[in-house]
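Just so we're aligned: 69 in my numbering is position 69 of the sequence shown, and the numbers increase by one with no gaps anywhere.
Even for Gly, the Cβ is constructed at its ideal location relative to N, Cα and C.
Below is one structure, written out as structure tokens, with a few remarks after it.
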Amino acid sequence: MARRGSPDTRSLERRSRCDAPHGPGADDAGGVRAALERYRRHWEEHGFGVWAAELLATGELVGRIGLSYHRAWPDDPELGWLIDPAHTGLGLATEGGAAGVQYGFGTLGAGRLVSICTEENVESRRVMAKLDFTLHQEVPFEELGITLWVHARDSK
Ligand SMILES: CC(C)(COP(=O)(O)OP(=O)(O)OC[C@H]1O[C@@H](n2cnc3c(N)ncnc32)[C@H](O)[C@@H]1OP(=O)(O)O)[C@@H](O)C(=O)NCCC(=O)NCCS
1 MARRGSPDTR SLERRSRCDA PHGPGADDAG GVRAALERYR RHWEEHGFGV WAAELLATGE
61 LVGRIGLSYH RAWPDDPELG WLIDPAHTGL GLATEGGAAG VQYGFGTLGA GRLVSICTEE
121 NVESRRVMAK LDFTLHQEVP FEELGITLWV HARDSK
């Protein structure tokens, strides 16, 4: 499937590149390669996926933001984010997340988007609240032996 174009926002640039060295397993090369392979495969299978987040002013890679299907909730695209700790608290996840919402409802035509985190992840829950996601369901994620909080936002 052909890749769909990505929107721009004021201070973040997101591209269909899949080379952001962040995320679970980022401390070991094998984990990074496995994550990048997952991102690449998702782009190939679905025509959308995780974007690299770069500061427009400098081009610095500061994280990843984007929509993809989550193993714990395969029904709706999931909006996720990870920002380098050196750049948190500046509104970047919210800004990139808002572009993800626009992309999901506008370009992808999704009826519902979800965003998933654990109860303890108060920063992510705050970003979800700012983006008008509300708690939808708690689901067990047996792979990791944890409970995930699935937040949802429906298209108007
Ligand atoms: C979650 C994360 C992406 C947020 O990125 P960010 O760019 O700092 O997010 P924003 O600046 O847009 O918004 C963060 C909000 O959380 C709030 N916040 C930060 N720490 C908080 C805390 N301990 N308790 C409550 N709220 C907190 C901020 O004040 C801000 O809200 P505000 O705008 O109302 O003040 C970032 O912390 C991160 O990458 N965390 C690790 C990865 C992760 O958890 N990813 C999600 C997996 S589900």
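L90, DSSP secondary structure in three states
Along the sequence shown, read from residue 1 onward, the residue named residue 90 stands at position 90. L90: coil per DSSP, three-state reduction.
Do you know how far the Cα of H70 is from the Cα of S155?
To locate residue 155, count along the sequence shown from 1; it is residue 155. To locate residue 70, count along the sequence shown from 1; it is residue 70. Rounded to the nearest angstrom, the two C-alpha atoms are 19 Å apart.
Compute the minimum distance between the beta carbon of I116 and the heavy atoms of ligand 3, and state whether it is under 7 Å.
Judged by which ligands are present, ligand 3 is missing from the structure shown, whose ligands are ligand 1.
For I83, which option in G109, G111, E123 and T58 has the closest C-alpha, if you only look at C-alpha atoms?
For the purposes of this step, residue 83 is taken as residue 83 along the sequence shown, with counting starting at 1. The candidate whose alpha carbon is nearest that of I83 is E123.
Below 8 Å on the Cβ atoms is my guess for A110 versus P74; work out the distance and round it to an integer in Å.
Residue mapping note: residue 110 aligns to position 110 of the sequence shown, counting from 1. Residue mapping note: residue 74 aligns to position 74 of the sequence shown, counting from 1. In fact, because the Cβ distance is near 13 Å, the residues do not count as touching under 8 Å.
Given 7 Å as the limit, tell me if T147 has its C-beta closer than that to any heavy atom belonging to ligand 1.
Reading the sequence shown from its first residue, position 147 is the one you call residue 147. Not under cutoff, so the answer is no.
Who does D154 pair with in a DSSP beta bridge?
What you label residue 154 is simply residue 154 of the sequence shown in a count that begins at 1. Paired residues: R112.
Report buried or exposed for D19, applying the criterion of at least 16 other Cβ atoms within 10 angstroms of its Cβ.
Against the sequence shown, residue 19 aligns to sequence position 19. No answer about D19 holds up, because its pLDDT of 38 lies below 50 and its placement is not dependable.
For A53, name the three-state secondary structure that DSSP assigns.
Taking the first residue of the sequence shown as position 1, residue 53 is located at position 53. Strand, per DSSP.
Kindly list the residues whose CB is nearer than 6 Å to the CB of R112, restricted to its own chain and excluding five residues on each side of it in sequence; keep chain order.
What you label residue 112 is simply residue 112 of the sequence shown in a count that begins at 1. Taken in chain order, the residues that qualify are D76, A152 and D154.
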